[in-house]
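**Q**
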Amino acid sequence: MSKQTFEGAMAKLEQIVEELESGELPLEKTIKKFEEGIRLSSYCSTILDETENRISLLLKDADGRLTEQPFDQANSAAGKHGADQE
Amino acid sequence: MKQLLEDRYPLIWVTGEISNFRKPASGHFYFALKDAKAQISAVIFRNQNRNLGFKPKDGMQITGLGRISVYEPRGTYQLILEYLEPKGIGAIQIAFEKLKASLSEEGLFDEKWKKPLPYLPRKIGIITSPTGAVIHDILTVLDTRFPNLQIVIRPVRVQGKGAADEIEAAVRELDTIDGIHVVVLARGGGSLEDLAPFNSETVARAVFEANTPVVSAVGHETDYTICDFAADLRAPTPSAAAEMIVPSKADLKKRIDRTQQRLVRALQHKLQQMRAILADVSNRIVDPKRRLDDLRIRWDDIYGRLLLSVHNGIGRKKERLAWRIDRLRSYRLVQVVLDHRDRLHRNGQHLRLLSEKALGKHRSDLRELVGKLVELNPSAILSRGYSITRSLPDWKIIRNAEAVAPEQRLNIRLAEGAIEVSVADVNPRDAGTASTLHPEDDGL
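Heads up: the protein sequence lines correspond to chains A and B, in order. Count along the first sequence from 1, then add 10; that gives the number in my numbering. Count along the second sequence from 1, then add 330; that gives the number in my numbering.
1) Using a Cβ cut-off of 7 Å, which residues of the stretch 572 to 583 of chain B contact any Cβ in chain A, in chain order?
2) When DSSP builds the beta bridges, which residues end up paired with B:E750?
3) Suppose contacts are defined by Cβ-Cβ distances below 8 Å. Is B:G394 in contact with B:V344 by that definition?
4) At the 8 Å Cβ level, is A:Q83 part of the contact set with chain B, yes or no?
5) Among the residues of its own chain, which have a CB less than 8 Å from the CB of B:K332, if the five just before and after it don't count?
6) Which of the three DSSP states is assigned to A:E34 in this structure?
7) Where does B:H511 land, buried or exposed, given buried means 16+ other C-beta within 10 angstroms?
8) Taking 6 Å as the limit between beta carbons, can you name the residues of its chain near A:L67, skipping five residues before and five after?
9) Hey, out of B:L450, B:E531 and B:E412, whose CA is closest to B:A425's CA?
10) Since B:A547 is in the beta strand (DSSP E), which residue starts that stretch and which ends it?
11) Please report the distance separating the alpha-carbon of B:N529 from that of B:T555.
12) Using three-state DSSP, classify A:D82 as helix, strand or coil.
13) Would you call the CB atoms of B:L382 and B:L414 closer than 8 Å?
14) Could you please give the first and the last residue of the uninterrupted alpha helix (DSSP H) stretch that includes B:I398?
15) How many Å lie between B:L363 and B:K387 at the Cα?
16) Indicate the three-state DSSP secondary structure (helix, strand or coil) for B:W629 in the structure shown.
17) Would B:E436 pass as an interface residue toward chain A - the criterion being a Cβ-Cβ separation below 8 Å?
18) Report the residue from B:Q378, B:Y339 and B:K385 whose alpha carbon sits nearest the alpha carbon of B:I348.
19) Who are the neighbours of B:K600 on chain A, taking C-beta pairs under 8 Å?
20) Going along the chain, which residues of its own chain have a beta-carbon closer than 8 Å to the beta-carbon of B:I718, five neighbours each way excluded?
21) Just the C-alpha distance for B:P485 and A:D59, rounded to the nearest angstrom, thanks.
22) Assuming the contact rule is C-beta atoms closer than 8 Å, B:V537 and B:V544 should be a hit. Round their C-beta distance to whole Å, please.
23) Taking B:Q391 as the reference, give the member of B:E523, B:A571 and B:L681 with the closest Cα.
24) Reducing DSSP to helix, strand and coil, say where B:Y407 ends up.
25) Buried or exposed: which applies to B:S685, given that a residue is buried once 16 or more other Cβ atoms fall within 10 Å of its Cβ?
26) Start and end of the beta strand (DSSP E) containing A:S66?
27) Under the DSSP definition of a beta bridge, which residues are partnered with B:W343?
28) Check B:Y449 in the structure and name its three-state DSSP category.
29) In three-state terms, what does DSSP make of B:P416?
30) In angstroms with no decimal places, state the Cα-to-Cα distance between B:R352 and B:R380.
31) Determine which residues share a DSSP beta bridge with B:V513 and list them.
32) Three or more beta-carbon pairs under 8 Å between the stretch 578 to 596 of chain B and the stretch 464 to 484 of chain B, yes or no?
33) Could you have a look at B:S530 and say whether DSSP puts it in helix, strand or coil?
34) Please state whether the Cβ-Cβ distance between B:R592 and A:E17 is less than 8 Å.
35) What's the gap between the Cα of A:G47 and the Cα of B:Q590?
36) What are the start and end residues of the alpha helix (DSSP H) that includes B:F559?
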């Protein structure tokens, strides 16, 4: 899926706002650009929320393969050393 | 004795191993500095030991600068150290500078190789110790700034033998994992020795060669490691790194909201603008219905006025008529008529009188004329024996005998009756015809 980057979308959005604020566009164009602006802004909002929160530990097992395990912050704070099996 | 020693050895460098290390409440460090053959008591007071940059421990080889002194109450001599450093640290530092220079010359630190960080990295790799304050701080800051992220932690030893290789391997491993947008190398402050892995060539090269952007957050703010130079971005502390790699989600949301508001306001403004233009134009167009109403009103007005003026006109004429009737009445018409009748009557009488007189005259004239006329009446003449001769068929009175031809028919009117004759003979008038007169013509 070709996604516009967040930064790209924000930049386009700001550009549209400036065009609209200039008041120089004809009415139809104004409405069209407005709709695109709303679409972009909700797209940006969605992107912000879409990443799932996950913290994991990447460990190498006995065979040298890397596996992910959930990271236990409480344990780490207590000073327990990570289970790295190199 | 004190004087002797102090003068003889004003400032000396010593080297040896720390043993019996004590750190009382006063903050001064007391220990014995020893080598294979001998030992000497040593102290480094609080003011000087504050800036050591490492933690002296039993068994540590150190090099120090100090002076000999005598502790008179005990009768012992001791070393008062002004400066202390781990043994060989000088060598480490030289090696550091050398490596730095050579890598720099190779171009590993050049700006042009530094990759920009993605604006919004959704997956972050962290190479650090899995325990301790560093990872805790990083995770806390990340969570505050952007609560939904994927974070992968590759735990490593961050000091000691073998750490450099572990770190190098970790960098290369995370670099191959798809979808990691940025890698962070983090460890807290420490001595030059502690930071040694991050000053190694292997780590530096791994960091430089990584395709993923690498952020180096090693040591204190004032520590600059080779890893820092080779990385795409140096953060002064691990917490700072967390702030640098990820934007504030709350700020971004606010920005989006604000932009959306601006959009809406701009559109409203445009619509208002358009409405104003429309209203202005509409006002200048006169609604046909209104025009019709306007015309109706005018028509009513004019019609009313017309009626009024006609009414008034009629009224005036009525007035005048009434006035004239009045005047007429005031003529006492009856009387006038009577007067006229009288006059008429009198005139009639007068006229009759005159006409009778005239008539009388005319009558007498007429009688006279009638008398004459009777005398001249052809019948009277006829009765005397004369006749009227007319030709036929033209009924012309014949006076001349030559006017007729023999055999012609003639009508003769007598005093009584008429006869139709035909001409036997014609005798024109000639001289002496008077004698032809019939004797009976006497008296003519």
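Here a beta-carbon is modelled for each residue, glycine too, at the ideal position from N, C-alpha and C.
**A** Let me spell this out:
1) Of all residues in the stretch 572 to 583 of chain B, only K579, L582 and K583 come within less than 7 Å of chain A when Cβ atoms are compared, listed by chain position.
2) Beta-bridge annotation (DSSP): B:E750 is paired with B:N741.
3) Contact flag set, yes.
4) Judged by the 8 Å Cβ criterion, A:Q83 is in contact with chain B.
5) Only S399, V400 and E402 meet the Cβ criterion.
6) Of the three classes helix, strand and coil, the one that applies to A:E34 here is coil, per DSSP.
7) Classification for B:H511: buried.
8) The beta carbon of A:L67 is closer than 6 Å to those of Q79 and F81 in its chain, skipping five residues each way along the sequence.
9) The residue with the shortest Cα to Cα distance from B:A425 is B:E531.
10) It spans V544 to V548 - the beta strand (DSSP E) in which B:A547 sits, taken as one unbroken run.
11) So the two alpha carbons sit approximately 6 Å from each other.
12) Residue state, collapsed to three classes: coil.
13) When the beta-carbon positions are compared, B:L382 and B:L414 come within less than 8 Å of each other.
14) It is not in any alpha helix (DSSP H) - B:I398 instead sits in the beta strand (DSSP E) that spans Q391 to Y401.
15) One C-alpha to the other measures close to 11 Å.
16) DSSP places B:W629 in helix when its eight states are reduced to three.
17) Closer than 8 Å to the CB of B:E436 there is not a single CB belonging to chain A.
18) Here the closest residue by C-alpha is B:K385.
19) Listed along chain A are L30, G33, L35, L37 and T40, each with a C-beta nearer than 8 Å to that of B:K600.
20) Cβ neighbours of B:I718 beyond the five flanking positions: P708, L712, I727, I742 and R743.
21) Across the structure, B:P485 and A:D59 are spaced so that their CA atoms are roughly 28 Å apart.
22) Indeed they touch by this definition, with Cβ atoms about 5 Å apart.
23) The candidate whose alpha carbon is nearest that of B:Q391 is B:E523.
24) Judged by DSSP in its simplified three-state form, B:Y407 adopts strand.
25) Exposed, since its Cβ has fewer than 16 Cβ neighbours within 10 Å.
26) Unbroken beta strand (DSSP E) run through A:S66: R64 to K70.
27) Partner(s): B:L395.
28) In this structure, B:Y449 counts as coil in the three-state DSSP scheme.
29) Secondary structure of B:P416 (DSSP, three-state): strand.
30) Rounded to whole angstroms, B:R352 to B:R380 spans 15 Å at the Cα level.
31) Answer is B:G455 and B:V544, bridged to B:V513.
32) The stretch 578 to 596 of chain B, when compared against the stretch 464 to 484 of chain B, does touch it at the 8 Å Cβ threshold.
33) For B:S530, the three-state secondary structure derived from DSSP is coil.
34) Their beta carbons are not under 8 Å apart, which means B:R592 does not touch A:E17 by this criterion.
35) In this structure, the straight-line span from the alpha carbon of A:G47 to that of B:Q590 is close to 8 Å.
36) Segment I556 to A560, the alpha helix (DSSP H) holding B:F559.
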